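Visitor: Chains as they are written, first to last, in the working numbering: chain A, 1 to 257; chain B, 1001 to 1471.
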């Protein structure tokens, strides 16, 4: 049997240079093709987990392991993790003026192959057009500068477009639903659904504060993180329970763990 | 912030023009400057008496003016100038056929891609080596239409009336200490005349090369764009790296007459031991348009502020400036626009990048005279710092004597951020590629205005794999 897509074991992490641990022993396994939702109150460490998976230099792992397809991820630089199949859809994507989305994605694609196998511009354009049609993105979108002056909704759509073009093995969506109105949310959710149905082995870790996005994206598993560890894991029904009861009942559970 | 090593990998600080040619100059003046040297230069050029007098007067002005105390650090320049060769004649005469250029000099320009460039899309090519233009050629098509593209010396020799009518009218000897110096010892540069209504659709190009150690180059260029004419002139400059300092001080005078259109592009890539103090100015007449596209990548210190004097109603001036200040470099650049007629408009866009101990300063002047009704000017300067030690400053001077003027000024300073680098890396770009992409994006608005070969050149400078040297 092949290794699970993502295995996180007893992961502890803190902000680099500080003492306080934000992740406090996270255990999580995502199999190929599964969608996992990670929920929790503000400050519980959800976004930190996303950044640690992607290799953000601002965090330091003090203990534990992350395996992607059985291979250790923590020794890799962020770009190596990306090339290994990790994709992080950012909560707040950085703006890079003067660099078009198309140019950026082509560079990113070519970073995945050697110089000799460089994708020619026509093959790339074809792939980009195909993905843009799939996600119903306007033709002119790819010639805009990367996130420069984008609305919140445009930034999130851009993240999903990048995910579509780069075809990762694991997509970590960090609060992709935050700050979106219902129409924008639907568009982004449809995009993610389309990509998961296109690629049956794609694993998704959907990090969210609200249950709302789970109306549009079906999660196989729902986890709750509090105080830097996962305190509850169950099926999709857990999300409804959280919607009805909030997180308070879990705080008590967390205290006794 | 990104690591130093990563920034080095960008290749911004590598210099691929660092090679020396073993040549045999026909004459070299003793180092340092004196009246005797000024006379020698004039004699070698067999100039008319008025030009010798012009030079001697300029020499007097140069001696009487103090070193500027603003801008870059010129405290050791005087000592440097005592050891500089002010005149070095590489060959007996200028050639019009590339085959006749001495082999060593030809090799140099071959390495630099001249005249390969000519075979591409250029209307004409000039090449200066040390103190003299060694080669000048213009395609027949333009010659037939009356276009003059020649060395400045041949301009004086063959078109004395036209020359005398405009020479030193835009930048007088006494304009500043270095225009006085150039006026005294000028040698080489181009003389360009575009006749009425003639549109030269492809660029004229001049290439400036310094080969020797402790060399001073003082090219002088005079360009007259007649009514309704249109042209684009491109210059590039390189030199080998020496431990001693070299000196370059050019004077570029441009007249764009009624309804004319002219663009002057510079990609200055001097080695990092070069002082580069240049005066560039254009007189822009009624409904004419002048554009300066000024790229400063090399030199130890550059002080250069291309200027547009908008003297005719409806004249338009644009200055697009890009500067890279690497470790130990100071780029003090910007632009000047002077509105002296109604309905004149101008735009200054400046982009600078600094790294290490590099310093990029924007220095600009916008002046609107009383009576220049409804003048409009907009200045935008953006600085990008690549690390914690680099420095940028902005010195905008605005003098408005006209109530109806509308003036805008915007300045931004940004640092390459950790979040930007991480974002790009999270998509698979390594750190150096991520940095290069941010820098390329920053200069994109200016780079896209460059002729293709120069845009490629500029981009190559920020490519990851840079060749260490040519040849």
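Backbone N, C-alpha and C fix where the C-beta goes; we use that ideal spot for every residue, glycine too. Keep in mind the model is a prediction, meaning the values are calculated, not measured.
Who are the near neighbours of residue 1249 of chain B in its chain, counting only those whose CB is closer than 7 Å to its CB and skipping five residues on each side?
Guide: In the second chain, residue 1249 of chain B corresponds to position 249, counting from 1. The answer, listed in chain order, is 1178, 1181, 1182, 1218, 1277 and 1278.
Visitor: Indicate the three-state DSSP secondary structure (helix, strand or coil) for residue 1165 of chain B in the structure shown.
Guide: As a position in the second chain, residue 1165 of chain B is number 165, starting the count at 1. Helix.
Visitor: Taking all protein chains shown into account, decide if residue 1067 of chain B is buried (16 or more other Cβ within 10 angstroms of its Cβ) or exposed.
Guide: In the second chain, the residue the question calls residue 1067 of chain B occupies position 67. Under this definition residue 1067 of chain B is an exposed residue.
Visitor: If you compare alpha carbons, which of B/1025, B/1332 and B/1343 is closest to residue 1212 of chain B?
Guide: Taking the second chain and counting its residues from 1, one reaches residue 1212 of chain B at position 212. Checked all of B/1025, B/1332 and B/1343; the closest Cα to residue 1212 of chain B is B/1025.
Visitor: Could you give the distance in angstroms between the alpha-carbon of residue 1378 of chain B and the alpha-carbon of residue 1403 of chain B?
Guide: Within the second chain, the letter at position 378 stands for residue 1378 of chain B. Within the second chain, the letter at position 403 stands for residue 1403 of chain B. Straight-line Cα distance between these residues: approximately 16 Å.
Visitor: Starting from the beta carbon of residue 236 of chain A, find every residue of chain B whose beta carbon is closer than 8 Å, and list them in chain order.
Guide: In the first chain, residue 236 of chain A corresponds to position 236, counting from 1. By Cβ distance, chain B contributes nothing, its closest Cβ being about 29 Å from residue 236 of chain A, past 8 Å.
Visitor: Given that residue 1445 of chain B touches chain A, what residues does it touch there, using C-beta distances under 8 Å?
Guide: The residue you call residue 1445 of chain B lines up with position 445 of the second chain. Result: 98.
Visitor: Ends of the alpha helix (DSSP H) at residue 129 of chain A?
Guide: Working through the first chain from its first residue, we reach residue 129 of chain A at position 129. Residue 129 of chain A -> alpha helix (DSSP H) spans 121-134.
Visitor: Compare the beta carbon distance of residue 1018 of chain B and residue 1241 of chain B with 7 Å and say whether it is the shorter of the two.
Guide: Mapped onto the second chain, residue 1018 of chain B falls at position 18. Mapped onto the second chain, residue 1241 of chain B falls at position 241. The answer is yes: Cβ separation under 7 Å.
Visitor: With 7 Å as the threshold, decide whether the Cβ of residue 1435 of chain B is near any Cβ in chain A.
Guide: Locating residue 1435 of chain B in the second chain gives position 435, counting from the first residue. Not closer than 7 Å to any Cβ of chain A, the Cβ of residue 1435 of chain B fails to qualify, so no.
Visitor: Quick check: is the beta carbon of residue 1387 of chain B nearer than 7 Å to any beta carbon in chain A?
Guide: Within the second chain, numbered from 1, the residue matching residue 1387 of chain B stands at position 387. For residue 1387 of chain B, the answer is no, since every Cβ of chain A falls outside 7 Å of its Cβ.
Visitor: Contact between the region 28-46 of chain A and the region 186-203 of chain A: three or more CB pairs below 8 Å?
Guide: Cβ pair count under 8 Å is three or more, so yes.
Visitor: So, is residue 1302 of chain B buried or exposed, given that buried needs 16 or more other C-beta atoms within 10 angstroms?
Guide: On the second chain, residue 1302 of chain B is found 302 positions in, with the first residue counted as 1. By the 10 Å Cβ count, residue 1302 of chain B comes out buried.
Visitor: Is residue 1199 of chain B closer than 7 Å to residue 1150 of chain B when the C-beta atoms are compared?
Guide: Locating residue 1150 of chain B in the second chain gives position 150, where the first residue counts as 1. Locating residue 1199 of chain B in the second chain gives position 199, where the first residue counts as 1. In this structure, residue 1199 of chain B does not lie closer than 7 Å to residue 1150 of chain B by Cβ.
Visitor: Indicate the three-state DSSP secondary structure (helix, strand or coil) for residue 1001 of chain B in the structure shown.
Guide: Numbered from its first residue, the second chain carries residue 1001 of chain B at position 1. With a pLDDT of 47 at residue 1001 of chain B, under the threshold of 50, the predicted position of this residue should be treated as unreliable, and no value is reported.
Visitor: When we look at the beta-carbon of residue 1176 of chain B and count the other beta-carbons within 10 Å, is it buried (16 or more) or exposed?
Guide: Numbered from its first residue, the second chain carries residue 1176 of chain B at position 176. By the neighbour-count rule (16 or more Cβ atoms within 10 Å), residue 1176 of chain B is buried.
Visitor: Is it right to say residue 1244 of chain B is buried, meaning 16 or more other beta carbons lie within 10 angstroms of its own, or is it exposed?
Guide: Taking the first residue of the second chain as 1, we reach residue 1244 of chain B at position 244. It counts as exposed.
Visitor: Taking C-beta pairs closer than 7 Å, name the residues in chain B that residue 56 of chain A reaches, listed in chain order.
Guide: Start at 1 with the first residue of the first chain, and residue 56 of chain A comes out as number 56. Chain B residues near residue 56 of chain A: 1422.
Visitor: Closest Cβ-Cβ distance between residue 212 of chain A and chain B: below 7 Å?
Guide: Numbered from 1 along the first chain, position 212 holds the residue referred to as residue 212 of chain A. Not closer than 7 Å to any Cβ of chain B, the Cβ of residue 212 of chain A fails to qualify, so no.
Visitor: What do you get for residue 1464 of chain B, buried or exposed, if any count of 16 or more other CB atoms within 10 angstroms of its CB means buried?
Guide: Here the question's residue 1464 of chain B lines up with position 464 in the second chain. The predicted position of residue 1464 of chain B is uncertain, since its pLDDT is 29 and thus under 50; a value taken from the coordinates is nonetheless stated next. With fewer than 16 Cβ atoms within 10 Å of its Cβ, residue 1464 of chain B is classed as exposed.
Visitor: Just to confirm my understanding: we take residue 1434 of chain B, look at its own chain, exclude 5 residues before and 5 after, and list those with CB closer than 6 Å. What are they?
Guide: Walking along the second chain from the start, residue 1434 of chain B turns up at place 434. Here the set comprises 1421, 1424 and 1425.
Visitor: What residues of chain B sit near residue 178 of chain A, judged by a beta carbon separation below 9 Å?
Guide: Counted from its first residue, the first chain places residue 178 of chain A at position 178. The premise fails here: residue 178 of chain A is roughly 17 Å from chain B at the closest Cβ pair, so nothing lies under 9 Å.
Visitor: Measuring only the C-alpha atoms, how far is residue 1160 of chain B from residue 1331 of chain B?
Guide: Counting from one through the second chain, the residue named residue 1160 of chain B turns up at place 160. Counting from one through the second chain, the residue named residue 1331 of chain B turns up at place 331. Distance between the alpha carbons of residue 1160 of chain B and residue 1331 of chain B: 37 Å.
Visitor: Quick one: complete beta strand (DSSP E) runs, 3+ long, within the region 1163-1222 of chain B?
Guide: Counting only runs of 3 or more, we get 1190-1194 and 1204-1209.
Visitor: Residue 1427 of chain B versus chain A: which residues are under 7 Å apart at the beta carbon?
Guide: Counting from 1 along the second chain, the entry for residue 1427 of chain B is found at position 427. Within chain A, the residues near residue 1427 of chain B are 82, 108, 162 and 166.
Visitor: Between which two residues does the alpha helix (DSSP H) harbouring residue 1445 of chain B extend?
Guide: As a working note, residue 1445 of chain B is residue 445 in the second chain. Here the alpha helix (DSSP H) through residue 1445 of chain B covers 1431-1447.
Visitor: Under a Cβ-count criterion, where at least 16 other Cβ atoms within 10 Å of its own Cβ denotes burial, should residue 133 of chain A be classed as buried or exposed?
Guide: By 1-based counting over the first chain, the position of residue 133 of chain A is 133. With fewer than 16 Cβ atoms within 10 Å of its Cβ, residue 133 of chain A is classed as exposed.
Visitor: At a Cβ threshold of 7 Å, is residue 174 of chain A touching chain B?
Guide: The residue you call residue 174 of chain A lines up with position 174 of the first chain. Answer no: the Cβ-Cβ gap between residue 174 of chain A and chain B never drops below 7 Å.
Visitor: Using a Cβ cut-off of 9 Å, which residues of the region 1312-1332 of chain B contact any Cβ in chain A, in chain order?
Guide: Result list empty, no residue passes.
Visitor: Can we say the region 1260-1273 of chain B touches the region 1033-1051 of chain B, given the rule of at least three CB pairs closer than 8 Å?
Guide: Segments in contact, no.
Visitor: Can you find a CB in chain A that lies within less than 7 Å of the CB of residue 1441 of chain B?
Guide: Here residue 1441 of chain B refers to the residue found at position 441 when the second chain is read from its first residue. Yes, residue 1441 of chain B counts as interfacial toward chain A.
Visitor: Would you report the Cα separation of residue 44 of chain A and residue 24 of chain A, rounded to the nearest angstrom?
Guide: As a position in the first chain, residue 44 of chain A is number 44, starting the count at 1. As a position in the first chain, residue 24 of chain A is number 24, starting the count at 1. Straight-line Cα distance between these residues: approximately 10 Å.
Visitor: Just to confirm my understanding: we take residue 121 of chain A, look at its own chain, exclude 5 residues before and 5 after, and list those with CB closer than 8 Å. What are they?
Guide: If you number the first chain from 1, residue 121 of chain A lands on position 121. Once the five neighbours on either side are set aside, the close Cβ partners of residue 121 of chain A are 106.
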